[in-house]
Each structure stands twice: as structure tokens, then as C-alpha cells.
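Numbering (our numbering), first residue to last: 19 to 606.
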């Protein structure tokens with residue numbers, strides 16, 4: 019609850035340290051830098067260490083996970099990535115609850131809530147989420163398919179308004195990684211393969227979320243994964259040991275920096291380094307989170323970036339899900355060092371926050387040992403506090419649950435999400451056609467029934483509409499099963515089945531392209547071939563039946579085979595031989 023006192027001159031202020039006096043850091047009239055320095059001088063070493071942790075949080079109480087009260091009131095943390103959003107009203111109420119907990123602390127430092135993407139169709143516990151009632155658009159790769167910066171800026175502004183309404187003020191996105199390795203599981207979160215198109219989209223996205231400058235109505239962007247997580251060796255993901263290296267067989271390191279350069283020009287507030295080791299780049303052969311060449315040399319030095327650098331989550335200690343599984347740390351290149359040594363290396367590299375960590379002792383031990391002095395903590399805490407002040411959290415971190423419930427998922431917002439879905443569909447081959455009798459797979463029959471009679475036998479249909487998931491190799495492990503990696507080819511039996519279907523009835527194949535699927539054996543048989551990146555069934559049916567135009571273009575090459583992908587160099591755009599469809603392709 020927002021409670022204000024008044025200074026003797028009538029200025030309203032929050033009495034965050036509970037002494038009845040308006041201290042400089044509580045004075046909303048002062049410049050941000052003055053407020054930061056005043057607060058920093060009042061903080062203990064323990065309080066500074068707590069600011070340097072960016073933990074995870076579940077709304078509500080979920081034993082045996084640490085409670086919000088414990089993490090905030092006892093450990094002093096004030097930065098949390100939300101692992102779930104229960105709905106707009108409940109999330110807004112939770113924000114206000116944790117702000118009350120924070121306000122009761124010695125200095126009343128407000129909480130900053132953050133989140134991975136929540137406005138798409140992808141659900142991965144480590145990278146993106148669904149639910150919460152947000153207005154759903156396509157995945158970021160679908161935004162790239164529109165190649166329309168004005169549309170992307172407008173949609174990002176919608177994301178900003180919905181996140182602000184529930185109290186989420188830092189976006190752990192966008193991804194500035196280039197999709198140069200088609201097998202990589204994270205392509206749906208990128209803006210594609212072309213550095214120019216990706217740069218246009220990054221610029222528009224950050225401008226939509228942050229505005230012209232960071233302020234009380236902004237969502238600060240934590241752009242990731244510097245210096246570019248796209249060229250994963252063999253396409254394996256860096257959450258796992260098999261993906262511990264970025265590789266540059268084509269000498270393309272500089273290419274992967276270009277979307278980040280656009281992010282810097284757009285004013286991204288924060289940066290997240292990559293888990294992986296930038297192997298053969300001339301930089302130190304350790305993961306970017308621990309890499310002084312990457313953070314201090316390249317990011318701070320070459321680019322002059324002075325915003326917050328938060329490590330990718332749980333690089334040092336891993337993550338324990340009590341009673342379920344312990345996920346190992348992603349400490350690639352420094353596995354033989356102790357946890358204490360890894361923390362020191364991270365701070366020496368220039369990182370400001372330890373993503374996913376919740377124990378201030380990690381930082382305090384480094385100070386007590388003499389390996390890190392308090393002045394080094396001050397450098398990071400100064401940047402961290404600056405963003406809290408710029409976002410207006412010290413003056414009013416509370417939100418209105420009624421307003422959040424009315425704004426999130428409002429009809430006009432839902433329609434904008436659907437518009438972006440429509441604008442992201444790519445017409446790959448063939449032509450739309452009307453039909454009265456439909457056979458469908460992967461489409462809700464109740465939705466299809468609004469377009470014609472749904473039949474169970476393809477032989478009795480005028481048209482078949484089949485939605486196809488991108489092929490992948492199933493992996494073991496609680497987390498790895500959510501990362502779709504490996505082969506991009508459909509199994510031979512599925513190709514035979516779909517070919518037979520297409521011989522029975524004209525067939526629309528709608529390929530969900532979370533990665534660049536190999537459509538070579540299917541394309542000749544489809545009456546219509548559509549690429550989609552997250553779209554509702556009715557949006558797809560409107561396009562399939564010719565009721566709405568398809569205006570997007572491919573944001574990457576579609577390879578002709580797994581063999582062509584294996585022969586290509588991971589770091590170079592457009593390096594697969596004889597692709598089925600090239601970047602920018604649009605039929606008609």
C-alpha cells in the first residue's frame with residue numbers, strides 16, 4: 019500500500035527508512051545519481067551483497083521453496099524472476115504484497131520483478147511461459163517474419179503495458195542471438211538468421227518496451243545472450259554440457275555482435291551473457307558469465323555499456339527442485355573451480371548480478387576472503403539501484419489489481435495479438451482455396467466447424483488442413499525434454515502417411531517452424547504450404563481458406579536436408595547448400 023508523508027515544504031515522499039524525515043534517496047525531486055549515492059552510502063555490506071542476487075520466485079507460498087517473506091525480509095533480496103503468473107489480478111496483488119514486505123525493511127528498497135517471455139505459445143520452464151491471461155502473439159521469430167518494425171514496436175508496447183499492470187518491470191528478453199545453426203532449440207526466441215532484419219526487430223522491440231528512455235512507465239530490457247548464443251556447436255543447447263561451446267568455423271564472430279549493437283543503440287538497460295564458451299574467438303576459453311574478456315573487455319570496453327549485467331541463471335550452483343530433481347550448474351570452462359572461486363571469477367569478469375542465486379553468503383564470502391573489496395560491490399550496486407530509481411520503484415512500486423484485471427487480455431489487446439499472428443504467417447507454396455467439408459488434424463474440430471462441415475474420413479472432405487510440429491529428437495531429463503534439438507527431418511513413416519493423405523484429398527500443411535524444419539519431401543504434395551510461428555486455429559484456417567492474406571516472409575532459410583545442415587558452419591547465416599526456401603521467401 020502506498021503511504022506518503024509530506025516534507026516541510028509540502029513535497030510528498032515515501033518514508034522508506036521509517037525516521038519521519040525525507041532523506042535524499044527518498045526525495046523524488048533529486049536526480050537519480052544523487053539518490054543512488056545517498057542510498058549506497060547508507061547500505062551495509064550485507065545489504066549490498068543481497069542486491070547482487072537475482073533469484074526466482076513463485077507467487078504465494080510453496081513449501082519447500084523459500085517463501086517471499088524469507089527471501090525479502092530475512093535475506094534482503096529485492097530482485098526476482100517470476101516462475102509463474104496466476105492471472106492479472108492475483109499477480110498484481112502479489113506484487114503489492116512483496117512490496118509491503120520490502121518497505122518494512124531497514125531501508126525500504128523496493129522489489130524488482132522480472133520475467134522470461136509470457137506473450138507467446140511456447141511453454142518451457144527455463145526459457146518462456148504461457149498463461150496469466152496475457153494477449154498472445156507469435157513467438158519472436160514470428161515477429162521477425164512480419165519484418166514490420168512499426169507493428170513490432172506497437173506489439174512490444176502492448177507487452178509493456180500488460181507487464182507493468184501486474185508489476186513486472188524487467189523483461190528477460192529480447193534474444194539478440196542469430197539463428198545461424200538450424201538445429202538449435204532456442205530459435206523461436208530469436209529474430210532470425212539475418213543480422214539486418216534481427217537488428218531492425220531488436221530496435222523496435224526495445225523501443226516498445228522501454229520507450230524513448232527508461233522511466234516509471236517502462237519495462238527494462240535484459241537483452242541476451244552476449245556475445246551471441248546462436249552458433250552452438252552441433253546445435254546443442256548451452257543449458258546442457260553437450261552445448262557448452264559456441265564455435266566460429268566460418269570466422270563469423272563479428273556478425274553475431276551486430277544485433278547487440280542495435281540493442282545498445284536502442285538503449286537496452288541490461289545485458290545477460292551466454293552460458294557457453296566462445297571457443298576459437300580469441301577470447302578466454304570460459305563461459306561468458308565468467309569471462310572478463312567478454313564482459314569487461316568487449317561489453318564494457320569496446321561498447322561502453324554501463325548498464326546492469328546479470329548472469330544467465332544458476333551458472334554457479336545449479337537449481338534444486340526439492341523432491342523432484344537437482345539441475346546441475348552451467349559453469350562451462352570453470353567446472354574444476356570451487357563455488358567460491360567461480361563467484362570471484364564472475365565478479366572479476368564484471369557481472370553485477372548472479373542470476374538464479376538467493377544466498378548472499380556467495381558474495382559475502384568473496385569479500386571476507388579479501389578476493390573482492392567492497393568498492394567492487396559498490397560498482398555493481400550503483401548500477402542496480404540506478405535502474406530501480408529510473409523505473410520509479412522507489413516512489414511508487416504498487417499497482418492497481420482492478421486496473422490490471424481490466425487491462426490484461428482486454429479485447430483490443432487480444433485483437434492486436436491476433437493481428438500479429440495473422441501478419442506472421444508465411445505463404446510458402448501452393449494456393450488457398452475455399453472448402454465446405456473439412457478434414458483436420460492438429461486443429462480443434464469445434465473451431466473448424468465454424469468454417470464448414472468437419473468429417474472424420476479424408477475421402478469425404480473437400481480439403482484437409484493438417485498442423486505439423488517441427489521435428490526434433492526426444493531427449494531424456496526433466497529439463498532437456500523441453501528443448502527441441504537434433505534432426506529437422508520428419509520420420510519416413512510420417513512422410514508416407516502425409517503423402518498418402520495428400521493423394522486422397524487436397525491437403526494444406528501448416529508447419530509450425532519453431533526451428534527450420536526440412537519440408538523437402540512434403541512440399542511437392544501440399545495443395546498449400548504455410549509456415550507459422552505461433553497462431554490460433556482460426557487464424558490458420560482464415561489463411562488456409564483464403565479469407566485473410568499472408569504477408570510475412572521467411573526469417574531464415576529452410577534447409578533441404580539434415581545432411582545440408584550438418585555440412586554448414588554454425589556461425590554463418592545462409593550457409594546451408596541448396597535450401598528448399600531462402601530467407602525472405604514468400605509465395606505469390
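All residues carry an ideal CB built from backbone N, CA and C; glycine is no exception. Keep in mind the model is a prediction, meaning the values are calculated, not measured.
Three-state class that DSSP yields for residue i in the structure shown
i	result
residue 210	coil
residue 99	strand
residue 426	coil
residue 41	coil
residue 482	strand
residue 517	helix
residue 48	coil
residue 173	helix
residue 94	coil
residue 410	coil
residue 231	coil
residue 494	coil
residue 223	helix
residue 155	coil
Inter-residue Cα distance where the pair is residue i and residue j
i	j	result
residue 593	residue 275	18 Å
residue 243	residue 254	15 Å
residue 147	residue 392	37 Å
residue 321	residue 35	37 Å
residue 221	residue 27	43 Å
residue 153	residue 174	11 Å
residue 272	residue 589	10 Å
residue 409	residue 517	55 Å
residue 38	residue 278	45 Å
residue 120	residue 229	27 Å
residue 390	residue 79	35 Å
residue 368	residue 293	15 Å
residue 225	residue 191	13 Å
residue 129	residue 554	35 Å
Exposed unless 16 or more other CB atoms sit within 10 angstroms - verdict on residue i
i	result
residue 357	exposed
residue 212	buried
residue 415	buried
residue 137	buried
residue 157	buried
residue 8	Coverage of the chain is limited to positions 19 through 606, which leaves residue 8 absent and any answer about it impossible.
residue 375	buried
residue 420	exposed
residue 160	buried
residue 210	buried
residue 474	exposed
residue 572	buried
residue 387	exposed
residue 491	exposed
residue 164	buried
residue 540	buried
residue 4	No information on residue 4 is available, as it lies outside the stretch 19 to 606 that the chain covers here.
Residue range of the alpha helix (DSSP H) that includes residue i
i	result
residue 655	With the chain running from 19 to 606 in the structure shown, residue 655 is simply not present.
residue 291	Residue 291 -> not in any alpha helix (DSSP H); beta strand (DSSP E) instead, spanning 288 to 291.
residue 357	357 to 367
residue 160	158 to 164
residue 279	276 to 284
residue 379	379 to 386
residue 465	463 to 466
Where the beta strand (DSSP E) containing residue i begins and where it ends
i	result
residue 132	130 to 133
residue 371	Looking at the DSSP string, residue 371 is not in any beta strand (DSSP E), and its letter there is neither H nor E.
residue 549	546 to 550
residue 73	71 to 75
residue 561	Residue 561 -> not in any beta strand (DSSP E); alpha helix (DSSP H) instead, spanning 555 to 562.
residue 585	Note, residue 585: premise wrong, no beta strand (DSSP E); alpha helix (DSSP H) at 580 to 585.
residue 22	Unbroken run through residue 22: none, as it is neither H nor E.
residue 239	238 to 244
Contact under 9 Å by Cβ, residue i with residue j
i	j	result
residue 360	residue 402	no
residue 328	residue 240	yes
residue 97	residue 133	no
residue 536	residue 598	yes
residue 281	residue 248	no
residue 443	residue 558	yes
residue 91	residue 162	no
residue 150	residue 106	yes
residue 533	residue 202	yes
residue 563	residue 453	yes
residue 350	residue 251	no
residue 109	residue 398	no
residue 381	residue 365	yes
C-beta neighbour in chain C for residue i, strict 9 Å
i	result
residue 135	The structure shown contains no chain C; it holds only a single protein chain.
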